[in-house]
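Remarks on the structure that follows.
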Amino acid sequence: MDYDVDLAIVGGGLAGLSAAITASRLGISCIVLERGEYSGSKNVSGGRMYIHSLRRLLGDRFDEAPLELPVESERYFIKCGEKSISFSFSEENKKNSYTVLRAKFDRWLSQFAEEAGVPVSYSTLVKNASRDNGIMLETNRGDIRAPLVIEADGVGSSLSRFLDKKELKPEFYMLGIKEIIESGENKTGEANTFIGYSGGVKGGGFMYTNKNSISLGLTLKIESLQNNNEISHELIEKFRESLNMDGKILEYSAHMIPFYGYKNIKNISSENLLVTGDAAGLLINDGFAIRGMDLAIESGMIAAQAAEKILKSKNYSDTSIYNKMMYGSQVMNDLKTASSIFDLFNSDEFFNVYPKVLCDAFSKVFTVDDDYRKPFIKYAMESAHDNNISLLSMLRNIMRVM
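What the sequence shown shows, in UniProt numbering, is residues 1 to 402, in sequence order.
Here is the structure:
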């Protein structure tokens, strides 16, 4: 059987380009098929990247990467009506994660890949796929046959739907809405998390500082949005207004985000197909770190390493080595660690009741009037009782995040 290429990679985002760069270094003949006019033209992300995987991918060229600011300050805001709670943590000179503008970064990474000898075919849409002693990809620019394909086509996972009849279930997705707002020069990278700012819709808000702009957005449960009368741009407008933010809006975008949880991630590979990044549902939210980009990079590199082994075996339909490598990696280990709070983040109590209990308790402890004073725990117990929940159960759930 003649093949056009040893390895076809569908998607020119972080996962696809990381796979291609790694594959090229391993001597694998590959091509990247990117539907956008350039890499990054179709990407939407919150705007923060943990850079441990990127450092390994780029090696001594890491300092050339067009990242924005290292995140040195973490702030949390919890709102319930007229009451709010906030707390912060900062660490000077910390360079563990950076804010990032994906349109700029992905375009640079694709150029990096091309310099490494990877052919990237832009404006190439995969319209269908079928298995025929490998995988046949039907595109708007002609057909491509490969014994092995890496799927890095994002949350819609079109290849898995073409080939394996994958269903997109609303309970496993969120809608990300983001604005890039013009600002003066920012000196410090800040990551701000907001709970209770989404108009009753399950989800949260974020705000990151870039060098000369601010990334502001909401991530909202699709199921919860279906029961809400407001549309996405109205919700983010109210969010921006609640923060009294001014400035020219440079960019508006909205995009689905996977939120599977470890136990619901299935079929990261099938015959002749390796699934990476958002297409595989690789996203972590453990209450402190929201991660998707480093998981995409890492899964892309692992997929290329697995592809080398599969191609050498010539048993192209057996992709079990990829599963073994992934489930032995930091990616799946960290997803598993975060799984204990997945159900909590899907609950009404986390977004609506728990913030109210805490806000009411803090309101009472900071109030001095004619009533006798009580310890904070007593006020918390009263507030929990008033909201028909067990304080012990609430504290136990909060400790799952801690």
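Glycine residues also receive a C-beta, built at the ideal position from the N, C-alpha and C atoms. As the structure is a prediction and not an experimental result, all values here were calculated from the model.
Alpha carbon of residue i to alpha carbon of residue j, nearest angstrom
{"i": "residue 342", "j": "residue 286", "result": "8 Å"}
{"i": "residue 192", "j": "residue 30", "result": "40 Å"}
{"i": "residue 277", "j": "residue 150", "result": "10 Å"}
{"i": "residue 92", "j": "residue 75", "result": "14 Å"}
{"i": "residue 164", "j": "residue 263", "result": "19 Å"}
{"i": "residue 316", "j": "residue 17", "result": "21 Å"}
{"i": "residue 144", "j": "residue 297", "result": "25 Å"}
{"i": "residue 125", "j": "residue 270", "result": "22 Å"}
{"i": "residue 243", "j": "residue 179", "result": "14 Å"}
{"i": "residue 71", "j": "residue 288", "result": "13 Å"}
{"i": "residue 171", "j": "residue 222", "result": "7 Å"}
{"i": "residue 284", "j": "residue 248", "result": "31 Å"}
{"i": "residue 140", "j": "residue 127", "result": "7 Å"}
{"i": "residue 312", "j": "residue 299", "result": "20 Å"}
{"i": "residue 332", "j": "residue 393", "result": "28 Å"}
{"i": "residue 111", "j": "residue 323", "result": "30 Å"}
{"i": "residue 134", "j": "residue 69", "result": "43 Å"}
{"i": "residue 301", "j": "residue 113", "result": "13 Å"}
{"i": "residue 147", "j": "residue 94", "result": "44 Å"}
{"i": "residue 2", "j": "residue 142", "result": "16 Å"}
{"i": "residue 227", "j": "residue 366", "result": "36 Å"}
Bridge partners - residue i, DSSP secondary structure assignment
{"i": "residue 192", "result": "75 and 207"}
{"i": "residue 178", "result": "217 and 253"}
{"i": "residue 87", "result": "76"}
{"i": "residue 173", "result": "258"}
{"i": "residue 49", "result": "98"}
Proximal residues to residue i (C-beta, below 8 Å), its chain only, five neighbours per side dropped
{"i": "residue 185", "result": "211 and 212"}
{"i": "residue 337", "result": "286"}
{"i": "residue 267", "result": "160, 164, 166 and 275"}
{"i": "residue 132", "result": "145"}
{"i": "residue 355", "result": "78, 79, 80, 85, 195 and 196"}
{"i": "residue 380", "result": "357, 358, 361 and 391"}
{"i": "residue 52", "result": "96 and 294"}
Residues near residue i by beta carbon distance below 6 Å, same chain, minus five either side
{"i": "residue 293", "result": "14 and 49"}
{"i": "residue 224", "result": "201 and 202"}
{"i": "residue 88", "result": "75"}
{"i": "residue 281", "result": "258, 260 and 265"}
{"i": "residue 24", "result": "116, 117 and 118"}
{"i": "residue 62", "result": "55"}
{"i": "residue 190", "result": "73 and 209"}
{"i": "residue 177", "result": "217, 218, 232, 236 and 254"}
{"i": "residue 104", "result": "66"}
{"i": "residue 378", "result": "none"}
{"i": "residue 304", "result": "19, 22 and 23"}
Beta strand (DSSP E) segment containing residue i, residue limits
{"i": "residue 296", "result": "No beta strand (DSSP E) contains residue 296, which is instead part of the alpha helix (DSSP H) from 293 to 313."}
{"i": "residue 98", "result": "97 to 99"}
{"i": "residue 7", "result": "7 to 10"}
{"i": "residue 31", "result": "30 to 33"}
Range of the contiguous alpha helix (DSSP H) that encloses residue i
{"i": "residue 55", "result": "52 to 58"}
{"i": "residue 383", "result": "376 to 386"}
{"i": "residue 22", "result": "14 to 25"}
{"i": "residue 364", "result": "354 to 365"}
{"i": "residue 337", "result": "330 to 338"}
{"i": "residue 67", "result": "Counting along the chain, residue 67 falls outside any alpha helix (DSSP H), and DSSP gives it neither H nor E."}
{"i": "residue 341", "result": "That residue, residue 341, is in no alpha helix (DSSP H); it is neither H nor E in DSSP."}
{"i": "residue 327", "result": "320 to 327"}
{"i": "residue 224", "result": "222 to 226"}
Chain B within 8 Å of residue i, Cβ atoms only
{"i": "residue 209", "result": "The structure shown contains no chain B, having only a single protein chain."}
Cut-off 7 Å between Cβ atoms - residues of its own chain near residue i, not counting five sequence neighbours on either side
{"i": "residue 238", "result": "199"}
- Query: Where are the beta strand (DSSP E) runs, 3 residues long or more, that stay fully inside the region 106 to 164, in chain order?
  - Reply: DSSP runs (the beta strand (DSSP E)) wholly in the region 106 to 164: 126 to 131, 135 to 139, 142 to 146 and 148 to 151.
- Query: What are the complete beta strand (DSSP E) segments, minimum 3 residues, inside the region 259 to 290?
  - Reply: 273 to 275
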